[in-house]
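Residue numbers for the sequence shown follow the numbering used here, beginning at 67 and rising by one.
C-beta atoms are modelled at their ideal positions from N, C-alpha and C, and glycine is treated no differently.
Owing to the predicted nature of the structure, the values given are computational and were not obtained by experimental measurement.
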Amino acid sequence: MGYDETMDLRVGQGFDAHRFARQSDGSLAAANPGQPLMIATLAIPDAPRLEGHSDGDVAAHALADALLSAADLGDLGSNFGVDRPEYAGAAGRVFLEAAVEKLRREHWEVVNASVQVIGQVPRLAPYYHAARAALSQILQAPVSFTATTTDRMGFTGNKEGLAALGICLLRQCYRPRTIMRTIMRTALRTSRTINRRD
Numbered sequence: 067m068g069y070d071e072t073m074d075l076r077v078g079q080g081f082d083a084h085r086f087a088r089q090s091d092g093s094l095a096a097a098n099p100g101q102p103l104m105i106a107t108l109a110i111p112d113a114p115r116l117e118g119h120s121d122g123d124v125a126a127h128a129l130a131d132a133l134l135s136a137a138d139l140g141d142l143g144s145n146f147g148v149d150r151p152e153y154a155g156a157a158g159r160v161f162l163e164a165a166v167e168k169l170r171r172e173h174w175e176v177v178n179a180s181v182q183v184i185g186q187v188p189r190l191a192p193y194y195h196a197a198r199a200a201l202s203q204i205l206q207a208p209v210s211f212t213a214t215t216t217d218r219m220g221f222t223g224n225k226e227g228l229a230a231l232g233i234c235l236l237r238q239c240y241r242p243r244t245i246m247r248t249i250m251r252t253a254l255r256t257s258r259t260i261n262r263r264d
């Protein structure tokens, strides 16, 4: 298959981290129905909750960051920063849907994506399938979801918080500049043909 200059492929990488909320005695603050731990747009029961301007969904945030990065549309902070009150408490799904809409306006579509959550707790393996399904539905593309630990090293290993890495592949079906060049060349050839006839 030859290279088609009207099709562009881009890879994006994103990262996010949030600390666990603590009680006054320093112990982890348990999630509650009003503030559950959110991972990949899913509410994870019986798990400590995360602090954050929004819902603290590290998986959704890292993936949205990767999408924006791949299309050169800034990052999560520049698009949905803490200075934007309308995003206070916003769900991770909101950021993902907004990022996908920004991609569509620039004629990008997601080929596939992957996100990995890093943390000692909670155990996320039981949610792999549901997380993949939820994220794939939002992106309208295959999304892989996994989790790992750092063998008790660092802030995630010390149960201070969670982090996530996201990566994606985008495809742009056409580039406006390429199309414009084609139109200009066609117009120039047509003009030369008419001039020769005259």
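Using DSSP's beta-bridge definition, name the partner residues of F211. V181
Quick one: Cα of F86 to Cα of N178, how far? 30 Å
Note down, in chain order, each residue of its chain lying with its Cβ closer than 7 Å to the Cβ of Y69, except the 5 sequence neighbours on either side. With a pLDDT of only 46 at Y69, under the threshold of 50, the placement of this residue in the model should not be trusted; the figure read from the coordinates follows. Excluding sequence neighbours, Y69 sits near nothing in its chain.
Less than 7 Å between C-beta atoms, sequence neighbours within five positions excluded: which residues of the same chain meet that for D217? G223
For F81, list the residues DSSP reports as bridge partners. L231
Taking DSSP's pairing of strands, which residues face D74 in a bridge? Q238
Can you find the residues in the same chain that come closer than 6 Å, C-beta to C-beta, to A157, ignoring five residues on each side of it along the sequence? D121
Can you look up Y69 in the DSSP assignment and give me helix, strand or coil? Low local confidence applies: a pLDDT of 46 at Y69 is under 50, so the model's placement there is unreliable, with the coordinate-based value given in what follows. If DSSP states are grouped into helix, strand and coil, Y69 belongs with coil.
Tell me the DSSP secondary structure of V160 in three-state form. helix
Touching or not, the region 204-215 and the region 175-189, by the rule of three or more beta carbon pairs under 8 Å? yes
For A196, count the other beta carbons within 10 Å of its own beta carbon; 16 or more makes it buried, fewer makes it exposed. Which is it? exposed
N-terminal and C-terminal residue of the beta strand (DSSP E) that L205 is part of: It is not in any beta strand (DSSP E) - L205 instead sits in the alpha helix (DSSP H) that spans 194-205.
For the alpha helix (DSSP H) containing L103, name the first residue and the last one. Segment 103-105 is the beta strand (DSSP E) holding L103; no alpha helix (DSSP H) there.
Looking at the unbroken beta strand (DSSP E) that takes in L108, where does it start and where does it end? 108-110
Considering only the beta carbon of each residue, do L169 and E163 sit closer than 8 Å? no
Short Cβ contact (8 Å threshold) for A125 with V183: yes
Going by DSSP, what residue range makes up the alpha helix (DSSP H) through T222? 220-223
One or two residues paired with V176 in a DSSP bridge: L236
Identity of the residues DSSP links to V146 by a beta bridge: A small fix is needed here, since residue 146 is Phe in this sequence, not Val. Paired residues: none, contrary to the question.
Would you mind reading off the limits of the alpha helix (DSSP H) that contains D131? 124-136
Where D139 and Q203 are concerned, what is the direct C-alpha to C-alpha distance, given to the nearest angstrom? In the sequence under discussion, the amino acid at residue 139 is Leu, which differs from the Asp named in the question. Cα-Cα distance, rounded: 22 Å.
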